[in-house]
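S.K.: I'd like to ask some things about the structure below.
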Amino acid sequence: MASSEGKATMGRNIKRYIKQNEMTAAHLAEVIGVSTATISDWSNGKTYPRIDKIEAMAEFFGISKSDLVEEPNQSSKAVITDEPVLMAAHWGLDISGLPDEERSRVIDRAKSYIEGLIADYEDRNGNR
Numbered sequence: 008m009a010s011s012e013g014k015a016t017m018g019r020n021i022k023r024y025i026k027q028n029e030m031t032a033a034h035l036a037e038v039i040g041v042s043t044a045t046i047s048d049w050s051n052g053k054t055y056p057r058i059d060k061i062e063a064m065a066e067f068f069g070i071s072k073s074d075l076v077e078e079p080n081q082s083s084k085a086v087i088t089d090e091p092v093l094m095a096a097h098w099g100l101d102i103s104g105l106p107d108e109e110r111s112r113v114i115d116r117a118k119s120y121i122e123g124l125i126a127d128y129e130d131r132n133g134n135r
């Protein structure tokens, strides 16, 4: 599933947006349809949300999904290029010519996306 670094980054971002919006974890849980314990697990980097919950939080906070899954200094640059980058990874395009930092970002984003799809599949099929 998601790397411990990815879970920790997501957790910090969730905490930051809860605080910025002057709300409680319980309120966010109610809005997106999960338990307060689930929000706590996400916020503390214990588990990683499914892609539909990432989308719900991004929509609720009025931010992009990358604002939740990436470090704050990376997300502003990523907003412009996320879709083409994910499409390149999906279609198996050669990314070897990209600078190391960008190539790593493509790989990390693709991994996060796939992990979210797997978690969603497992949740829907009772494999957890």
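Numbers 8 to 135, taken from this note's numbering, label the letters of the sequence shown in order. Quick reminder that beta carbons are idealized off the backbone N, C-alpha and C, glycines included. If you're wondering where the values come from, they're calculated on a predicted model, not measured in any experiment.
(1) Between which two residues does the alpha helix (DSSP H) harbouring N20 extend?
(2) Can you tell me where the alpha helix (DSSP H) with E66 in it begins and where it stops?
(3) Suppose the cutoff is 6 Å on Cβ atoms and the five residues either side in sequence are ignored; what does the same chain contact list for Y128 look like?
(4) Which term fits R131, buried or exposed, when burial requires 16 or more other beta carbons within 10 angstroms of its beta carbon?
(5) Going by C-alpha to C-alpha distance, which of T31, L35, D59, T54 sits closest to M17?
(6) Is S50 near K22, with beta carbons less than 8 Å apart?
M.R.: Considering the structure as presented:
(1) Translated into positions along the sequence shown, residue 20 becomes position 13. 11-27 is the extent of the alpha helix (DSSP H) around N20.
(2) For the purposes of this step, residue 66 is taken as residue 59 along the sequence shown, with counting starting at 1. E66 -> alpha helix (DSSP H) spans 58-68.
(3) Within the sequence shown, numbered from 1, the residue matching residue 128 stands at position 121. If we look at Y128 and ignore the five residues flanking it on each side, it has no Cβ neighbours.
(4) In the sequence shown, residue 131 corresponds to position 124, counting from 1. R131 is exposed by the Cβ-count criterion.
(5) Taking the first residue of the sequence shown as 1, we reach residue 17 at position 10. It is T54.
(6) Position 43 of the sequence shown holds residue 50. Position 15 of the sequence shown holds residue 22. Closer than 8 Å, so yes.
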